[in-house]
Amino acid sequence: LVQKIFPTDANFVLVKMIDATAVYNYLKEKGIIVRNRSNVLLCEDSLRITVGTPAQNQQLIDALNDYKKD
């Protein structure tokens, strides 16, 4: 699922994934909004994920774990 998490000093992380568009669509269906950066040069198959509240972060982690199970 996750291939690389790029270092950051910002309030978001850039995550290279095996199929970012599929993960993006899954998260969107779950009401979790991230940025699909796959169309940006050198960011193919990457999602930009903003750091949220602890509850929001846990919701994202839970959704990604559920995605892996499917």
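For the sequence shown, the working numbering gives the first residue as 634, with consecutive numbering after it.
Heads up, the beta-carbon is just placed ideally off N, CA and C, and yes, glycines get one too.
request  = Could you work out which residue in L674, V635, A696 and N698 is closest to V646 when comparing CA atoms only?
outcome  = V635
query = Would N669 be called buried (16 or more neighbouring beta carbons within 10 Å of its own) or exposed?
reply = buried
ask   = Where does K702 fall in DSSP's three states?
value = helix
Rounded C-alpha distance that separates V673 from T654 = 13 Å
ask   = With DSSP run on the structure shown, which of helix, strand or coil describes N644?
value = coil
ask   = Do you know how far the Cα of C676 is from the Cα of N658?
value = 17 Å
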